[in-house]
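Down below is the structure, laid out as structure tokens.
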Amino acid sequence: MAISIKLPDGSIKEYESEITPAEIAKGISEGLARRSFGAIVDDELWDLERPIKKDASVKLVLDKDPESSRFFRHTMSHILAQAVMRLYGKEKVKLAIGPTIENGFYYDIDIGETRITEEDLPKIESEMNKIIKEDLSIERFELPVSEAIELMKKEDQPYKVQLIEDLIEDTGAEKVTFYRQGEFVDLCRGPHVSSTGKVKYFKLTSVSGAYWRGDENNKMLQRVYGTAFAKKSDLEDYLRMIEEAKKRDHRKLGPALGLFTINYEYAPGMPVFLPKGTEMLNQLLQFSREKHVEDGYREVSTPQIMSDALWRTSGHWDHYRDNMYFTEKEDQQFAVKPMNCPGHIIVYKSSSVSYRDLPMKLFEFGKVHRYERSGVLHGLFRVRGFVQDDAHIFCTREQIQQEIMGVIDFVQKIYSPFNFEYRAELSTRPEDYMGEIELWDIATKALEDSLFAKNMEFKVNEGDGAFYGPKIDYHIKDSLGREWQCATIQLDFMMPERFGIKYVGPDNEEYQPVMIHRAIFGSVERFMGILIEHFAGAFPLWLAPNQVSVIPIADRHAEYAESIAAELKSRGFRVEVDDRQKSTNYKIREAQLMKVPYMIIVGDREKEGGTVSVRLRSEKDLGSIALQEFMDKLSQEVSMRRATSIFE
RNA sequence: GCCAACGUAGCUCAACCGGUAGAGCGGCUCAUUCGUAAUGAGCAGGUUGGGGGUUCAAGUCCCUUCGUUGGCUCCA
Numbered sequence: 006m007a008i009s010i011k012l013p014d015g016s017i018k019e020y021e022s023e024i025t026p027a028e029i030a031k032g033i034s035e036g037l038a039r040r041s042f043g044a045i046v047d048d049e050l051w052d053l054e055r056p057i058k059k060d061a062s063v064k065l066v067l068d069k070d071p072e073s074s075r076f077f078r079h080t081m082s083h084i085l086a087q088a089v090m091r092l093y094g095k096e097k098v099k100l101a102i103g104p105t106i107e108n109g110f111y112y113d114i115d116i117g118e119t120r121i122t123e124e125d126l127p128k129i130e131s132e133m134n135k136i137i138k139e140d141l142s143i144e145r146f147e148l149p150v151s152e153a154i155e156l157m158k159k160e161d162q163p164y165k166v167q168l169i170e171d172l173i174e175d176t177g178a179e180k181v182t183f184y185r186q187g188e189f190v191d192l193c194r195g196p197h198v199s200s201t202g203k204v205k206y207f208k209l210t211s212v213s214g215a216y217w218r219g220d221e222n223n224k225m226l227q228r229v230y231g232t233a234f235a236k237k238s239d240l241e242d243y244l245r246m247i248e249e250a251k252k253r254d255h256r257k258l259g260p261a262l263g264l265f266t267i268n269y270e271y272a273p274g275m276p277v278f279l280p281k282g283t284e285m286l287n288q289l290l291q292f293s294r295e296k297h298v299e300d301g302y303r304e305v306s307t308p309q310i311m312s313d314a315l316w317r318t319s320g321h322w323d324h325y326r327d328n329m330y331f332t333e334k335e336d337q338q339f340a341v342k343p344m345n346c347p348g349h350i351i352v353y354k355s356s357s358v359s360y361r362d363l364p365m366k367l368f369e370f371g372k373v374h375r376y377e378r379s380g381v382l383h384g385l386f387r388v389r390g391f392v393q394d395d396a397h398i399f400c401t402r403e404q405i406q407q408e409i410m411g412v413i414d415f416v417q418k419i420y421s422p423f424n425f426e427y428r429a430e431l432s433t434r435p436e437d438y439m440g441e442i443e444l445w446d447i448a449t450k451a452l453e454d455s456l457f458a459k460n461m462e463f464k465v466n467e468g469d470g471a472f473y474g475p476k477i478d479y480h481i482k483d484s485l486g487r488e489w490q491c492a493t494i495q496l497d498f499m500m501p502e503r504f505g506i507k508y509v510g511p512d513n514e515e516y517q518p519v520m521i522h523r524a525i526f527g528s529v530e531r532f533m534g535i536l537i538e539h540f541a542g543a544f545p546l547w548l549a550p551n552q553v554s555v556i557p558i559a560d561r562h563a564e565y566a567e568s569i570a571a572e573l574k575s576r577g578f579r580v581e582v583d584d585r586q587k588s589t590n591y592k593i594r595e596a597q598l599m600k601v602p603y604m605i606i607v608g609d610r611e612k613e614g615g616t617v618s619v620r621l622r623s624e625k626d627l628g629s630i631a632l633q634e635f636m637d638k639l640s641q642e643v644s645m646r647r648a649t650s651i652f653e
């Protein structure tokens, strides 16, 4: 039977019978065949040696193609598993899963009591290099599920047996694929490169524990992480990039810039903000407040500690207790608030509400406390006490769509001065949910429709919603590429129900409003951590805790420096005068390291001419300039909330 | 919470096989008055995270506890 293959350039090749991508490549040129890692056959990643049996469009995957890593990293994880089996004994090593991830791969392994530590990695790496040198060819084969289970039982690989059984159950699979390289055989969907010699540049990066199936009730396996690239230079670039990114880490930069400190002895998980950090925080809050007012929110302030009765009604008692802090006085039980919503319900209930009052948009910088397990705390990103820029929109069912879309626009508005990339996710009903399924479906659809209406791309996280409703989350990446949730939009029919809140409709009947929970920064602390990493400490002028450093050259210029600073301060700028007995170079270096946006250097020349000499943190030298002119420009830069200097 | 590594001065890091805890930066004092990324000298600073144990002797070995880091799980 003849087969016709369509190539990316549009040409069509005819073959007499089945054909492999490798053969197609060779037909074009030997060099192309050598450089190919695999192929994409009708949108499916396809091994080079895997026969194509019907008409298809075929694209060869070369090292420069992003898909190439899927091939060699997957093979890399098999090489890792093979090396571990050789080193620790094939009968002792039970393999779980070994997928590719964003910048590399891992394999979850069970070796009983034996522990792999980071010191073992070089040993494993050298065994892997041996396997690469052996250039074992990689063979793909299919087995009917019964034989596959038989094989894995014979090999004594219980996790693989379970995986196959699940495949049968979940997808009704009748056949599964295996890959063999030398003495190593693994259940695997692929794809892989054609031999172990085809991958070269890798490094094992870390080991950690990981639960089988990601469930903490299951056994903890050992996970070995690695990274691999097609070219040596790519691997080196990646490792260098990681090193650079570590320098941006807010946990290092924050304290170094005098923004915050975390006292691990006295307040684990509770960051302490220093004067400069607090200044910055205040700028963020002021910005947020301004935007909220523009958008029709009313600010409120609700208690830190409230009676257990409130939390029982809200459902937190049953669904969130493990994360809450409690306190007791006069035989009464109180909880430190983990969320602001019940407080806002009290505000809502304080007066009778007409449909004319809706949507009612209540907003609060609410400090919440949530117990987090010690192992998850992480700088400003994961803490036990934090401020949310939290708001609750009470509206009618008819208003839901419009309000959600309004919030989506609002997120855009708040994020726009920072120029970072973010991603949206839709989370649906979890197992531990409250309320009726029909309501959940309506709520989920409302969120989904809004995202579509706003042309937002999003990923769906099944079962990841809050216990009271589905949600849209926004995620932002940190300097090391880890993603952190910031903004969140959650729809809630439960809370109004449980508290029995009502509004009076045009027909004089009572109706139940719907509640939209939403936060834009999410946690102000987390958001600030993101900003520290995003800007590597070189904040936009409007956020910078110290906007201008005035540096007198010698003592006799101190007075003039002070007068400059006084003028700047009277215009509302945040200024420091560095009149220490240090050399000019020293003081400039210091201001530079603190990433102060502008340095004003004054000496005899400036004093006589009544000017200032300005240096930017980018090292650009503006030379002498009139103070008035400089201040006018700065005012503009601040009021525009520019991310970059107005002088560049 | 779980797996692994780690915890020495405000910060970064030394201290061999168990043998009197040391340096740079920062701080303070003095001198220096300086033109766009570090002036020089001197001084102070530590119950080696806490507790227990082994030992003639513990920063070093063992146990325990608290915390940090990288993951897992969970989440803003």
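In this text, residue positions in the first sequence follow our numbering: the first is 6, and each later residue adds one.
Don't be surprised by glycine CBs; every beta carbon is placed ideally from N, CA and C.
Of all the options the options, which has the alpha carbon lying nearest to the alpha carbon of residue i?
i, options, result
"N466", "T449, K459, G32", "T449"
"K135", "L85, S640, V643, R294", "L85"
"Q586", "P71, R185, P557, Q495", "P557"
"R39", "E160, D47, G103, L53", "L53"
"L141", "M81, E160, Y376", "M81"
"P726", "A340, R294, E581", "Residue numbering for the chain in the displayed model covers 6 to 653; residue 726 lies beyond these limits and cannot be assessed."
"D394", "K59, E403, I494", "I494"
"L289", "M599, Y360, W547", "W547"
"Q597", "E144, K482, A541", "A541"
"P56", "R75, I8, K95", "I8"
"E581", "A563, S588, N590", "A563"
"G94", "F189, S199, A458, R561", "F189"
"F425", "E174, G177, I537, H83", "I537"
"V607", "R622, A648, K58, R561", "R561"
"R610", "D626, M461, I630", "I630"
"I525", "D414, N513, D48", "D414"
"K59", "D48, I29, D70, I24", "I24"
"K251", "L279, H539, S74", "H539"
"T151", "Q167, I137, R145, K138", "The question names Thr, but residue 151 is Ser in the sequence shown. Among Q167, I137, R145, K138, the Cα nearest to that of S151 belongs to Q167."
At what residues does the alpha helix (DSSP H) containing residue i begin and finish?
i, result
"K159", "150-159"
"F504", "499-504"
"S640", "632-644"
"A566", "563-575"
"T589", "589-598"
"I29", "26-33"
"F292", "280-299"
"I351", "346-354"
"R317", "313-319"
If residue i and residue j are in contact, beta carbons under 8 angstroms, what's the gap, nearest whole angstrom?
i, j, result
"L382", "P273", "6 angstroms"
"H79", "H197", "6 angstroms"
"Y164", "K64", "Not confirmed; about 34 angstroms, so no contact."
"R656", "L240", "This structure does not reach residue 656, given that the chain is present from 6 up to 653, and the question cannot be answered."
"K257", "I419", "About 27 angstroms; that fails the 8 angstroms criterion."
"T401", "P518", "6 angstroms"
Looking only at DSSP bridge pairs, what is residue i linked to?
i, result
"P308", "DSSP, once it has assigned bridges, lists no residue as partnering P308."
"V555", "V582, I605"
"Q337", "K334"
"S618", "I606, S629"
"W51", "A44"
"Y516", "Y508"
"S131", "In DSSP, S131 forms no bridge with anything."
"E488", "K482"
"L496", "I521"
"I143", "Q186"
"R659", "Because residue 659 is not part of the residues shown, which for the chain are 6 to 653, the question remains open."
What span of residues does the beta strand (DSSP E) with residue i cover, start to end?
i, result
"M365", "365-374"
"I481", "476-482"
"R523", "519-528"
"Y20", "17-20"
"F463", "463-466"
"K11", "8-11"
- Report the residue ranges of all beta strand (DSSP E) runs contained in full by the region 164-250; include only those spanning at least 3 residues, in chain order. You should have 180-186, 189-192, 206-216, 225-234.
- Please list the segments of the alpha helix (DSSP H) lying wholly inside the region 251-276, counting only runs of 4 or more residues, in order along the chain. 255-261
- Note down, one range per segment and in chain order, each beta strand (DSSP E) of at least 3 residues found wholly within the region 373-438. 390-400, 427-432
- Enumerated in chain order, which unbroken segments of the beta strand (DSSP E) with a length of 3 residues or greater are wholly contained in the region 54-117? 61-67, 109-115
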